[in-house]
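Visitor: Protein sequences, first through last, are from chains A and B. In terms of my numbering, the first sequence is numbered consecutively and its last residue is 327. In terms of my numbering, the second sequence is numbered consecutively and its last residue is 605. From the three backbone atoms N, C-alpha and C, an ideal C-beta is built for every residue, glycine too. On a predicted model such as this, the values are computed, not experimentally measured, just so you know. Questions regarding the structure given below will be posed in turn.
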Amino acid sequence: MSANIIEVKNLEYKYGDFKAVDGVSFFVREGEIFSFLGPNGAGKSTVINILTTLLPVQKGTAFVAGYDLAREPQEVRKSIGIVFQDETLDRDLTVWESLELHGRIYSMPKDERRQRIDEIIKLVELEDKRDVRTRNLSGGMKRRLEIGRGLMTRPKVLFLDEPTIGLDTQTRRRMWDYIKMVNESGTTIFLTTHYMDEADLVSNWIDIVDHGKIIASGNPTDLKDALGRDMIYLQTSDDEATKNMLQGFKAVMDVKATTQGLVVTINTDGTHCLPLIMNRLKEKGIEIVSVNLKKPTLDDVFVHHTGRDIRNAGAEKLHRIQPRGGK
Amino acid sequence: MAYEFATIYWRDMLRFVRFRIALVASLIQPALWMALYGAAMSSNFSRLGSGMVVPVGAVTVSYLTFMGAGVIALTTLFTSLFGGITLLFDKNWGLMRELLASPMPRNHIIVGIGLSGVTKSFIQVMVIMGFGLVIGVRFFWGYTLLQTVGAILGVLLFVGIFSLGFLFLSSAISMSMETPEGLQAVITLLTLPLFFASNALYPIDAFPGPVRILSQFNPMTHLVNGVRYFAIGNDFYAIGTHYVYTTNDLLLSLLVLMAFAAVMFLVARRVFKKAVVT
Numbered sequence: 001m002s003a004n005i006i007e008v009k010n011l012e013y014k015y016g017d018f019k020a021v022d023g024v025s026f027f028v029r030e031g032e033i034f035s036f037l038g039p040n041g042a043g044k045s046t047v048i049n050i051l052t053t054l055l056p057v058q059k060g061t062a063f064v065a066g067y068d069l070a071r072e073p074q075e076v077r078k079s080i081g082i083v084f085q086d087e088t089l090d091r092d093l094t095v096w097e098s099l100e101l102h103g104r105i106y107s108m109p110k111d112e113r114r115q116r117i118d119e120i121i122k123l124v125e126l127e128d129k130r131d132v133r134t135r136n137l138s139g140g141m142k143r144r145l146e147i148g149r150g151l152m153t154r155p156k157v158l159f160l161d162e163p164t165i166g167l168d169t170q171t172r173r174r175m176w177d178y179i180k181m182v183n184e185s186g187t188t189i190f191l192t193t194h195y196m197d198e199a200d201l202v203s204n205w206i207d208i209v210d211h212g213k214i215i216a217s218g219n220p221t222d223l224k225d226a227l228g229r230d231m232i233y234l235q236t237s238d239d240e241a242t243k244n245m246l247q248g249f250k251a252v253m254d255v256k257a258t259t260q261g262l263v264v265t266i267n268t269d270g271t272h273c274l275p276l277i278m279n280r281l282k283e284k285g286i287e288i289v290s291v292n293l294k295k296p297t298l299d300d301v302f303v304h305h306t307g308r309d310i311r312n313a314g315a316e317k318l319h320r321i322q323p324r325g326g327k
Numbered sequence: 328m329a330y331e332f333a334t335i336y337w338r339d340m341l342r343f344v345r346f347r348i349a350l351v352a353s354l355i356q357p358a359l360w361m362a363l364y365g366a367a368m369s370s371n372f373s374r375l376g377s378g379m380v381v382p383v384g385a386v387t388v389s390y391l392t393f394m395g396a397g398v399i400a401l402t403t404l405f406t407s408l409f410g411g412i413t414l415l416f417d418k419n420w421g422l423m424r425e426l427l428a429s430p431m432p433r434n435h436i437i438v439g440i441g442l443s444g445v446t447k448s449f450i451q452v453m454v455i456m457g458f459g460l461v462i463g464v465r466f467f468w469g470y471t472l473l474q475t476v477g478a479i480l481g482v483l484l485f486v487g488i489f490s491l492g493f494l495f496l497s498s499a500i501s502m503s504m505e506t507p508e509g510l511q512a513v514i515t516l517l518t519l520p521l522f523f524a525s526n527a528l529y530p531i532d533a534f535p536g537p538v539r540i541l542s543q544f545n546p547m548t549h550l551v552n553g554v555r556y557f558a559i560g561n562d563f564y565a566i567g568t569h570y571v572y573t574t575n576d577l578l579l580s581l582l583v584l585m586a587f588a589a590v591m592f593l594v595a596r597r598v599f600k601k602a603v604v605t
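What follows is the structure, given as structure tokens:
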């Protein structure tokens with residue numbers, strides 16, 4: 001085996017006649033934070049469920065931590081930690097009991113288990129909640145507890161399925177601090193998230209999956225650069241004239257008039273191109289009301305490849321604008 | 328290694344003592360059964376049976392004592408059939424994925440839930456016997472202390488094996504069901520025939536042919552046989568019927584219960600093996 005901690009080749013999965021995963025191949029290098037992104041229904045969850053042994057390998061091969069998922073699921077289970085998308089806590093057990101349960105079903109010897117529980121409770125800052133039942137914890141605390149639990153057995157790979165969903169911004173930031181800390185101590189992170197900005201910030205590598213296939217792969221910077229375009233948002237005293245003038249620029253790929261001004265797509269670095277445009281406008285006596293330069297985000301990458309906005313994926317009907325305060 | 332079922336047991340018992348209401352209700356319910364149904368039926372049956380000719384020297388037991396064994400069986404049946412329900416809740420709202428994704432073999436879940444269910448049944452049965460003695464059930468009548476202890480252990484042996492069988496069944500049903508409503512419906516459907524097509528409340532000799540045959544395959548009947556053998560004796564008269572239990576009868580009943588439990592374990596194991604919770 002190479003330094004790839006996860007290797008998936010030609011993985012297929014069918015629910016009846018429906019092919020949820022259609023010959024997916026990818027790998028994750030040891031020690032990295034790997035993001036697996038895709039719109040709802042793209043096959044993400046199926047892949048995670050297979051990699052975490054909750055679904056069988058139907059076709060293709062998958063290795064996790066050096067073990068063949070089809071033949072040694074038991075070994076894989078010992079090597080991974082999982083934070084599920086939905087809460088998987090017993091609401092009537094306390095924080096300490098939840099961790100004790102976890103350690104025991106993973107066959108951790110008592111001394112080691114007890115010591116780890118103390119460390120984990122400290123790590124996720126739940127010292128004062130130790131004997132509180134999980135039903136009385138806030139969403140963020142529960143998530144921290146689940147992440148802590150996933151780390152208890154010192155797994156080689158930690159699977160995080162939407163770890164920050166439903167959490168407020170502050171809690172999300174702290175969660176990422178933990179996750180990065182965990183990653184720095186050597187645990188490979190396999191992540192799915194709907195928050196593109198988070199994936200952009202933390203990932204070493206991103207694979208985008210749609211319709212059961214990997215459609216884009218790369219580190220976040222390369223993925224964004226590969227789009228090769230910056231957007232300029234312009235409001236001027238004469239949009240019509242501006243538009244005509246801009247269409248003469250070689251770097252300009254597209255100019256779109258919107259109710260809020262012009263959206264200009266250029267194929268070079270906007271930071272150099274924008275001053276040229278502004279000078280030219282001044283020469284022509286067109287006044288600039290506002291200007292904004294936008295570098296492509298991971299959101300743009302995602303939309304470009306899937307044709308869908310991740311938050312609206314699968315919910316196109318909701319594009320209708322709703323009145324404020326209305327239901 | 329390989330003691331993970333004890334963890335499942337530990338967790339289920341923690342929940343049991345934590346839900347005080349459920350705990351208390353589970354103890355009051357059989358007491359009410361005995362106090363109300365037992366007392367009412369007892370006076371009726373005593374009147375009907377008063378004309379019965381009983382050989383001199385034979386032991387006659389009151390209806391209350393007779394049905395005491397039935398209440399033990401009924402309570403055990405109920406508790407055990409509902410014992411696996413926590414698995415359905417785990418499946419729908421919580422812990423099941425954590426359990427299934429762990430290295431713990433799935434059999435441990437079945438065994439752990441089985442053992443905690445048996446423990447709950449034991450507690451209930453002890454309470455029923457104690458309460459019964461207070462309201463006039465003549466269990467262990469004329470036994471020495473040692474015989475009483477032996478008889479209680481005998482009762483618990485039968486209760487335990489019977490309980491395990493239905494807990495395995497309950498776990499299998501819970502694991503294959505999607506909703507609590509469905510589970511409730513199935514369990515209610517099972518409970519009534521099991522209870523009424525048995526010798527828990529009346530002798531089966533007077534049943535119509537098919538029902539009598541059915542009742543002879545009913546684990547309830549075999550549990551009640553065992554309980555009566557240990558708690559009342561092997562030769563007695565009740566509601567106009569002469570009951571004689573030979574050692575072979577007792578062993579047969581025990582074997583039937585063991586076979587039932589074994590088959591149910593295999594069923595549950597199969598269901599768990601195929602179970603996919605995502």
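Please report the straight-line C-alpha distance between A478/B and N561/B, rounded to a whole angstrom.
Guide: Looking up residue 478/B in the second sequence gives position 151. Looking up residue 561/B in the second sequence gives position 234. Using only the alpha carbons, I get a separation of about 12 Å.
Visitor: Quick check on the DSSP output: the beta strand (DSSP E) that includes T61/A runs from which residue to which?
Guide: Numbered from 1 along the first sequence, position 61 holds the residue referred to as residue 61/A. 59 to 64 is the extent of the beta strand (DSSP E) around T61/A.
Visitor: Start and end of the alpha helix (DSSP H) containing W205/A?
Guide: Counting from one through the first sequence, the residue named residue 205/A turns up at place 205. Segment 205 to 210 is the beta strand (DSSP E) holding W205/A; no alpha helix (DSSP H) there.
Visitor: Which whole-angstrom value is the C-beta distance of S35/A and K9/A, which I expect to be below 8 Å?
Guide: In the first sequence, counting from the first residue as 1, residue 35/A sits at position 35. In the first sequence, counting from the first residue as 1, residue 9/A sits at position 9. Not really, about 20 Å apart at Cβ, beyond 8 Å.
Visitor: Verify the CB distance criterion: does S353/B have a CB-CB separation below 7 Å to chain A?
Guide: For the purposes of this step, residue 353/B is identified with residue 26 of the second sequence, where counting begins at 1. Closer than 7 Å: no.
Visitor: Just to confirm my understanding: we take S443/B, look at its own chain, exclude 5 residues before and 5 after, and list those with CB closer than 6 Å. What are they?
Guide: In the second sequence, the residue the question calls residue 443/B occupies position 116. Counting only Cβ-Cβ distances below 6 Å, and skipping sequence neighbours, we find Y336, D339, M340.
Visitor: If we call anything under 7 Å between Cβ atoms a contact, is W205/A one with N219/A?
Guide: Counted from its first residue, the first sequence places residue 205/A at position 205. Counted from its first residue, the first sequence places residue 219/A at position 219. A contact, by the Cβ cut-off of 7 Å.
Visitor: Is S503/B closer than 7 Å to G410/B when the C-beta atoms are compared?
Guide: Indexing the second sequence from 1 puts residue 410/B at position 83. Indexing the second sequence from 1 puts residue 503/B at position 176. It is not a contact, given that the beta carbons lie outside the stated cut-off.
Visitor: N371/B to F563/B, Cα distance in whole Å?
Guide: Stepping through the second sequence from its first residue, residue 371/B is reached at position 44. Stepping through the second sequence from its first residue, residue 563/B is reached at position 236. Whole-angstrom Cα-Cα distance: 19 Å.
Visitor: Does any residue of chain B have a CB that is nearer than 7 Å to the CB of D90/A?
Guide: Here residue 90/A is taken as the residue at index 90 of the first sequence, counted from 1. Yes, because at least one Cβ of chain B sits closer than 7 Å to the Cβ of D90/A.
Visitor: From R133/A to L145/A, what distance separates their C-alpha atoms?
Guide: Sequence index remark: in the first sequence, residue 133/A carries index 133 (1-based). Sequence index remark: in the first sequence, residue 145/A carries index 145 (1-based). If I take the Cα positions, the gap works out to 12 Å.
Visitor: Taking F332/B as part of the alpha helix (DSSP H), name the residues at either end of that continuous run.
Guide: Translated into positions along the second sequence, residue 332/B becomes position 5. Note, F332/B: alpha helix (DSSP H), 331 to 345.
Visitor: Buried or exposed, going by whether 16 or more other CB atoms sit within 10 Å of the CB of A428/B?
Guide: Here residue 428/B refers to the residue found at position 101 when the second sequence is read from its first residue. Buried, because 16 or more other Cβ atoms sit within 10 Å of the Cβ of A428/B.
Visitor: Which class does K213/A belong to by DSSP, given the choice of helix, strand or coil?
Guide: As a first step, residue 213/A is located in the first sequence; it is residue number 213 there, counting from the start. Strand, per DSSP.
Visitor: Would you report the Cα separation of T242/A and D230/A, rounded to the nearest angstrom?
Guide: By 1-based counting over the first sequence, the position of residue 242/A is 242. By 1-based counting over the first sequence, the position of residue 230/A is 230. Going by the C-alpha atoms only, they are around 18 Å apart.
Visitor: Take I399/B and list the residues in its own chain whose beta-carbon comes closer than 6 Å to its own, dropping the five residues that flank it on each side.
Guide: Sequence index remark: in the second sequence, residue 399/B carries index 72 (1-based). Correct list, in chain order: V452, I455, V554.
Visitor: To the nearest angstrom, report how far apart G441/B and L359/B are at their CA atoms.
Guide: By 1-based counting over the second sequence, the position of residue 441/B is 114. By 1-based counting over the second sequence, the position of residue 359/B is 32. Each residue's Cα considered, the two are about 26 Å apart.
Visitor: For the putative contact between Y529/B and I566/B, defined by C-beta atoms under 8 Å, what is the C-beta separation to the nearest angstrom?
Guide: For the purposes of this step, residue 529/B is taken as residue 202 along the second sequence, with counting starting at 1. For the purposes of this step, residue 566/B is taken as residue 239 along the second sequence, with counting starting at 1. Their Cβ separation, rounded to whole angstroms, is 7 Å, which keeps Y529/B and I566/B in contact under 8 Å.
Visitor: Just verifying my parser: in three-state terms, what is the DSSP assignment at T94/A?
Guide: Taking the first residue of the first sequence as position 1, residue 94/A is located at position 94. Note: T94/A maps to strand in three-state DSSP.
Visitor: Apart from the five residues on each side of it in sequence, which residues of its chain come closer than 7 Å, Cβ to Cβ, to M152/A?
Guide: One-based indexing of the first sequence puts residue 152/A at position 152. Excluding residues within five positions, the ones whose Cβ falls inside 7 Å are L99, H102, G103, R116, I120.
Visitor: If I measure Cβ to Cβ from K601/B and keep anything under 8 Å in the same chain, skipping five residues before and after, which residues do I get?
Guide: Walking along the second sequence from the start, residue 601/B turns up at place 274. The answer is none, since no qualifying residue turns up.
Visitor: Enumerate in chain order the residues of its own chain whose CB-to-CB distance from I450/B is below 7 Å, with the five nearest sequence positions on each side excluded.
Guide: Position 123 of the second sequence, counted from the first residue, corresponds to residue 450/B. Closer than 7 Å at the Cβ level, and outside the excluded window around I450/B, lies no residue.
Visitor: Out of G439/B, A396/B, G509/B, F346/B, point me to the one whose CA is closest to F458/B's CA.
Guide: Counted from its first residue, the second sequence places residue 458/B at position 131. When only C-alpha atoms are compared, the closest one is A396/B.
Visitor: With a threshold of 6 Å on Cβ separation, who are the neighbours of I191/A within its own chain once the five nearest residues in sequence on each side are excluded?
Guide: For the purposes of this step, residue 191/A is taken as residue 191 along the first sequence, with counting starting at 1. Here residue 191/A is Leu; the residue named in the question, Ile, does not match the sequence. Correct list, in chain order: S35, L160.
Visitor: When the cut-off is 7 Å and only beta carbons count, does I48/A lie next to chain B?
Guide: Residue 48/A sits at position 48 when you count from the first residue of the first sequence. No, I48/A does not count as interfacial toward chain B.
Visitor: Mind pulling the chain B residues with CB within less than 9 Å of E87/A?
Guide: On the first sequence, position 87 is the one that residue 87/A refers to. Near E87/A (Cβ distances below 9 Å), the residues of chain B are W420, G421.
Visitor: From which residue to which residue does the beta strand (DSSP E) around R29/A run?
Guide: Against the first sequence, residue 29/A aligns to sequence position 29. That run of the beta strand (DSSP E) goes 18 to 29.
Visitor: Can you tell me which residues form a DSSP beta bridge with R133/A?
Guide: The sequence position of residue 133/A within the first sequence is 133, counting from 1. Answer is T94/A, bridged to R133/A.
Visitor: Going along the chain, which residues of the segment 420 to 442 of chain B sit with their C-beta nearer than 9 Å to a C-beta in chain A?
Guide: Within the segment 420 to 442 of chain B, the residues whose Cβ lies closer than 9 Å to some Cβ of chain A are W420, G421, L422, M423, R424, E425, L426, L427, A428, S429, P430, M431, P432, H435, listed in chain order.
Visitor: If you draw a straight line from the alpha carbon of F63/A to that of R114/A, how long is it in whole angstroms?
Guide: Here residue 63/A refers to the residue found at position 63 of the first sequence. Here residue 114/A refers to the residue found at position 114 of the first sequence. Their backbone Cα atoms lie some 31 Å apart in a straight line.
Visitor: Specify the secondary structure class of N526/B as computed by DSSP and reduced to three states.
Guide: Along the second sequence, one-based indexing puts residue 526/B at 199. N526/B: coil per DSSP, three-state reduction.
Visitor: For V291/A, which residues from the same chain have a beta carbon less than 8 Å from its beta carbon, with the 5 sequence-adjacent residues on both sides left out?
Guide: Stepping through the first sequence from its first residue, residue 291/A is reached at position 291. Closer than 8 Å at Cβ, skipping near neighbours: I232, Y233, L234, Q235, L274, M278.
Visitor: Less than 7 Å between the beta carbons of E283/A and S237/A, yes or no?
Guide: Locating residue 283/A in the first sequence gives position 283, where the first residue counts as 1. Locating residue 237/A in the first sequence gives position 237, where the first residue counts as 1. No, Cβ-Cβ distance for E283/A and S237/A is not below 7 Å.
Visitor: Please work out which residues of its chain come closer than 6 Å, Cβ to Cβ, to P296/A, disregarding the five sequence neighbours upstream and downstream, and give them in chain order.
Guide: Here residue 296/A is taken as the residue at index 296 of the first sequence, counted from 1. If we look at P296/A and ignore the five residues flanking it on each side, its Cβ neighbours are K224, L227.
Visitor: State yes or no: is the beta carbon of R104/A nearer than 7 Å to at least one beta carbon in chain B?
Guide: Translated into positions along the first sequence, residue 104/A becomes position 104. Yes, because at least one Cβ of chain B sits closer than 7 Å to the Cβ of R104/A.
Visitor: Does the beta carbon of I82/A come closer than 7 Å to any beta carbon on chain B?
Guide: Translated into positions along the first sequence, residue 82/A becomes position 82. Closer than 7 Å: yes.
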